[in-house]
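Asker: In the numbering used here, the protein residues as written are 307 to 580.
(1) How far does the alpha helix (DSSP H) with residue 558 in it reach, from first residue to last?
(2) Count the other CB atoms within 10 Å of the CB of residue 437; is the residue buried (16 or more) or exposed (fewer)?
(3) Let me check one thing: in DSSP terms, what residues is residue 366 bridge-paired to?
(4) Within 10 angstroms of the Cβ of residue 551, are there 16 or more other Cβ atoms? Answer buried if so, exposed if not.
(5) I'd like the span of the alpha helix (DSSP H) that includes residue 402, first residue to last.
(6) Would you list the residues sitting across from residue 261 in a DSSP beta bridge?
(7) Would you kindly work out how many angstroms separate the C-alpha atoms of residue 560 and residue 537, rounded to a whole number?
(8) Are the CB atoms of residue 501 and residue 492 nearer to each other than 7 Å?
(9) Helix, strand or coil, according to DSSP, for residue 491 in the structure here?
(10) In this structure, does DSSP put residue 438 in helix, strand or coil?
(11) So what does residue 459 bridge to, in DSSP terms?
(12) Relative to the C-alpha of residue 452, which candidate in 384, 366, 396 has its C-alpha closest?
(13) If distances are taken between C-alpha atoms only, which option among 579, 533, 513, 478 comes closest to residue 442?
(14) From 473, 422, 549, pick the residue whose C-alpha is nearest to that of residue 581; which is it?
(15) Which value, in whole angstroms, describes the spacing of the CA atoms of residue 405 and residue 455?
(16) Which same chain residues end up closer than 6 Å to residue 503 when comparing Cβ atoms and leaving out the 5 residues on each side of it in sequence?
(17) Measure the alpha-carbon distance for residue 386 versus residue 509 and round it to whole angstroms.
(18) Taking the Cβ atom as the reference point for each residue, do residue 374 and residue 420 lie within a distance shorter than 7 Å?
(19) Would you say residue 466 and residue 494 are within 7 Å of each other, going by their C-beta atoms?
(20) May I have the straight-line CA-CA distance separating residue 557 from residue 570, to the nearest angstrom?
(21) Determine the extent of the beta strand (DSSP E) in which residue 397 is found, giving its start and end residues.
(22) Alpha carbon to alpha carbon, how far is residue 408 from residue 481? Give it in angstroms, no decimals.
(23) Assign residue 580 to buried or exposed, taking buried as 16 or more other Cβ atoms, counted over all protein chains shown, within 10 Å of its Cβ.
(24) Check whether the Cβ atoms of residue 422 and residue 572 sit closer than 7 Å, and answer yes or no.
(25) Taking only the alpha-carbon atoms, compute the straight-line gap between residue 531 and residue 540 and give it to the nearest angstrom.
(26) Tell me whether the beta-carbon of residue 434 lies closer than 7 Å to the beta-carbon of residue 425.
Structure follows, in structure tokens:
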């Protein structure tokens, strides 16, 4: 009996290991552990005036955490839709993927690692920490920007701690402004000040409305796509973030025709900036 249970346990562990996970880097999902409550996967979307064309609504789909796995990146390319790829700096394929995406006319942005509240999460290489001096923050930010060619903007990887810090965000956003880049607030904290500050500094900016894949369950992800469609139809546009998971790819493949049916254009994130 014991050997049977042992082998069943091993089999279950192997199944779990097949779930895609970036090596050593935690995904930048909302820090519900940090706030003590579950963070909502969307926020009140700003009111917009829908256009009158047959496709009056728009959705921008950003795929975060790119840079470690070229095969997964190319599976997203196979979908044939204008995704925006948010690439982590200093990872094995960061530069090469950015070059390939740019060559194929996909938008590339930097997925900037920022310090989270949870010390158990690993933001990966190139992280900007709250206790850094201004010079240290700027040096790291510039190295991260240089590590990913062809970027048009930046969004935060993790950063539930840093995006609540006005002093740190002022340093970072001023440099982003000087570089002529836009900023997308991933909203890993409900108390983030990043989007508000970017707007006040005159930076073209946007904020995430929906996370597609807080759960790896494909039915959940399809439900999040439906939610994004509803928001786009109501408000004219929606910004969603997904991650390099096989379930996310499968859900997008199955549901992407729904955007066409509902009269929603899939666009690069720079097309819906404020």
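All C-beta atoms, glycine included, are put in the ideal place defined by N, C-alpha and C.
Answerer: With the given structure in hand:
(1) Counted from its first residue, the chain shown places residue 558 at position 252. Run containing residue 558: 552-567, per the alpha helix (DSSP H) assignment.
(2) Here the question's residue 437 lines up with position 131 in the chain shown. The residue is exposed, with fewer than 16 neighbouring Cβ atoms inside 10 Å.
(3) Locating residue 366 in the chain shown gives position 60, where the first residue counts as 1. Per DSSP, 545, 573.
(4) Taking the first residue of the chain shown as 1, we reach residue 551 at position 245. Buried, since its Cβ has 16 or more Cβ neighbours within 10 Å.
(5) Stepping through the chain shown from its first residue, residue 402 is reached at position 96. If you look at residue 402, you'll find it in the alpha helix (DSSP H) that goes 400-409.
(6) Because the chain is modelled from 307 through 580, residue 261 falls outside the range shown and cannot be assessed.
(7) On the chain shown, residue 560 is found 254 positions in, with the first residue counted as 1. On the chain shown, residue 537 is found 231 positions in, with the first residue counted as 1. The alpha-carbon atoms of residue 560 and residue 537 are separated by roughly 19 Å.
(8) Taking the chain shown and counting its residues from 1, the one referred to as residue 501 is at position 195. Taking the chain shown and counting its residues from 1, the one referred to as residue 492 is at position 186. Residue 492 sits away from residue 501, with the two beta carbons spaced by 7 Å or more.
(9) As a first step, residue 491 must be located in the chain shown, where it is residue number 185. Reduced to three states, the DSSP call for residue 491 is strand.
(10) Here residue 438 refers to the residue found at position 132 of the chain shown. In the three-state reduction of the DSSP assignment, residue 438 falls in the coil class, being assigned neither a helical nor a strand state.
(11) In the chain shown, the residue the question calls residue 459 occupies position 153. Answer is 415, 488.
(12) For the purposes of this step, residue 452 is identified with residue 146 of the chain shown, where counting begins at 1. Selected option, being the one with the closest Cα: 396.
(13) Your numbering for residue 442 matches position 136 in the chain shown. Of the listed residues, the one whose Cα sits closest to residue 442 is 478.
(14) One cannot answer for residue 581 here, as it falls past the ends of the chain, which runs 307 to 580.
(15) Working through the chain shown from its first residue, we reach residue 405 at position 99. Working through the chain shown from its first residue, we reach residue 455 at position 149. In a straight line, the C-alpha of residue 405 is about 7 Å away from that of residue 455.
(16) Here the question's residue 503 lines up with position 197 in the chain shown. Correct list, in chain order: 475, 479.
(17) Translated into the one-based positions of the chain shown, residue 386 becomes position 80. Translated into the one-based positions of the chain shown, residue 509 becomes position 203. Looking at the two C-alpha atoms, the distance is approximately 30 Å.
(18) Working through the chain shown from its first residue, we reach residue 374 at position 68. Working through the chain shown from its first residue, we reach residue 420 at position 114. With a cutoff of 7 Å on beta-carbon distance, residue 374 and residue 420 are scored as not near each other.
(19) Looking up residue 466 in the chain shown gives position 160. Looking up residue 494 in the chain shown gives position 188. The answer is yes: Cβ separation under 7 Å.
(20) For the purposes of this step, residue 557 is identified with residue 251 of the chain shown, where counting begins at 1. For the purposes of this step, residue 570 is identified with residue 264 of the chain shown, where counting begins at 1. If I take the Cα positions, the gap works out to 17 Å.
(21) Locating residue 397 in the chain shown gives position 91, where the first residue counts as 1. For residue 397, there is no enclosing beta strand (DSSP E), as DSSP marks it with neither H nor E.
(22) Numbered from 1 along the chain shown, position 175 holds the residue referred to as residue 481. Numbered from 1 along the chain shown, position 102 holds the residue referred to as residue 408. Taking the Cα positions, residue 481 is about 23 Å away from residue 408.
(23) Taking the first residue of the chain shown as 1, we reach residue 580 at position 274. Taking all protein chains in view, the Cβ of residue 580 is surrounded by fewer than 16 other Cβ atoms within 10 Å, so the residue is classified as exposed.
(24) By one-based count along the chain shown, residue 422 stands at place 116. By one-based count along the chain shown, residue 572 stands at place 266. No. Outside cutoff.
(25) To locate residue 531, count along the chain shown from 1; it is residue 225. To locate residue 540, count along the chain shown from 1; it is residue 234. Taking the straight line from one Cα to the other gives about 14 Å.
(26) Within the chain shown, residue 434 is the residue found at index 128, counting from 1. Within the chain shown, residue 425 is the residue found at index 119, counting from 1. Contact annotation: residue 434 and residue 425 have beta-carbon atoms that are not nearer than 7 Å.
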